[in-house]
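Residue numbers (my numbering): 376 to 578.
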Amino acid sequence: PTDSRVYGNIIQFVTPPIVEPTVITEQPNSITNTTATFHGSITQGSEEINARGFEYKLSTEDWADATILSATGTEAISAEATNLQSYTNYNVRAYARTASDTYYGQELNFQTLTLTSIDQTPVTVMMYPNPASQETKLVVTGLQGEVKITISDVQGRIINTMSSKANNDKVEETLDVSDMAKGVYYVRLQNESINRTQKLIVK
Numbered sequence: 376p377t378d379s380r381v382y383g384n385i386i387q388f389v390t391p392p393i394v395e396p397t398v399i400t401e402q403p404n405s406i407t408n409t410t411a412t413f414h415g416s417i418t419q420g421s422e423e424i425n426a427r428g429f430e431y432k433l434s435t436e437d438w439a440d441a442t443i444l445s446a447t448g449t450e451a452i453s454a455e456a457t458n459l460q461s462y463t464n465y466n467v468r469a470y471a472r473t474a475s476d477t478y479y480g481q482e483l484n485f486q487t488l489t490l491t492s493i494d495q496t497p498v499t500v501m502m503y504p505n506p507a508s509q510e511t512k513l514v515v516t517g518l519q520g521e522v523k524i525t526i527s528d529v530q531g532r533i534i535n536t537m538s539s540k541a542n543n544d545k546v547e548e549t550l551d552v553s554d555m556a557k558g559v560y561y562v563r564l565q566n567e568s569i570n571r572t573q574k575l576i577v578k
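Below, the structure is given as structure tokens:
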């Protein structure tokens, strides 16, 4: 027996691809020894965004161990992290979650302040991007005078040294890492009031 269905021709159709949201992580600010304010921007793609915020973790941890912070705002987002450890390196990235996936901005690193340095002004050291493949920008605030910058590998071999002079209590240097092999390096900053080492990853 046949039922009375009659078929028309077969027409193919393609569902439109999902347009991903644009997620940008911006440099954290208002950094103290235990707090930091995160910033980012999100532009919606084809799907509605259900949640937005930041993930942050110690630089030594994996993202699986990250702490998740919900953000205020829709396009420009921000959130305050508290209970951070002083003088510690952290990574942060913004995220936007849709029905189908979670999308992340780039990872930035920041360092909480020491309680205070010798002359009571906190010194902050930031390098971004980190990991880097071409170059990384080193920004040191709260310094006066000259500072010696030494890059060494994990075996302690010195790859490069330079000296830089603070301008308005700030040292800014762009480090070229394009000729360096992939791996972990240490960037050491030294003068009368600071002796600090930052980890740099070349990818």
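Note that the Cβ used here is the ideal one computed from N, Cα and C, for glycine as well.
According to the neighbour-count rule (16 or more other Cβ atoms, all chains shown, within 10 Å of its Cβ), is residue i buried or exposed?
i	result
residue 468	buried
residue 482	buried
residue 573	buried
residue 520	exposed
residue 494	With a pLDDT of only 48 at residue 494, under the threshold of 50, the placement of this residue in the model should not be trusted; the figure read from the coordinates follows. So residue 494 counts as exposed.
residue 501	buried
residue 529	exposed
residue 430	buried
residue 456	buried
residue 398	buried
residue 580	No answer is possible for residue 580: it lies beyond the span of the chain, which begins at 376 and ends at 578.
residue 549	exposed
Which residues does DSSP pair with residue i in a beta bridge?
i	result
residue 555	Residue 555 is not bridged to any residue.
residue 467	431, 483
residue 448	Beta-bridge pairing links residue 448 to no other residue.
residue 563	525, 572
residue 412	404, 455
In whole angstroms, what separates the C-alpha of residue i from that of residue j?
i	j	result
residue 453	residue 384	53 Å
residue 473	residue 532	47 Å
residue 486	residue 386	58 Å
residue 499	residue 515	6 Å
residue 559	residue 539	23 Å
residue 577	residue 388	46 Å
residue 441	residue 480	15 Å
residue 434	residue 466	6 Å
residue 478	residue 378	49 Å
residue 462	residue 402	17 Å
residue 445	residue 427	6 Å
residue 567	residue 541	13 Å
residue 459	residue 411	8 Å
residue 517	residue 527	24 Å
residue 552	residue 575	10 Å
residue 546	residue 512	10 Å
residue 569	residue 475	48 Å
residue 417	residue 395	11 Å
What ranges does the beta strand (DSSP E) occupy inside the segment 491-525, keeping only unbroken runs of at least 3 residues that lie completely in it? Listed in chain order, the complete beta strand (DSSP E) runs (minimum 3 residues) inside the segment 491-525 are 499-503, 510-516.
Touching by the beta-carbon criterion (3+ pairs, under 8 Å), the segment 380-394 and the segment 404-412: With a cut-off of 8 Å on Cβ pairs, the segment 380-394 is not in contact with the segment 404-412, counting fewer than three such pairs.
Are three or more beta carbon pairs between the segment 438-451 and the segment 499-508 nearer than 8 Å? Here the segment 438-451 does not lie against the segment 499-508, with fewer than 3 beta-carbon pairs under 8 Å apart.
Closer than 8 Å is the cut-off here; do at least three beta carbon pairs connect the segment 415-423 with the segment 551-568? No: fewer than three Cβ pairs fall under 8 Å.
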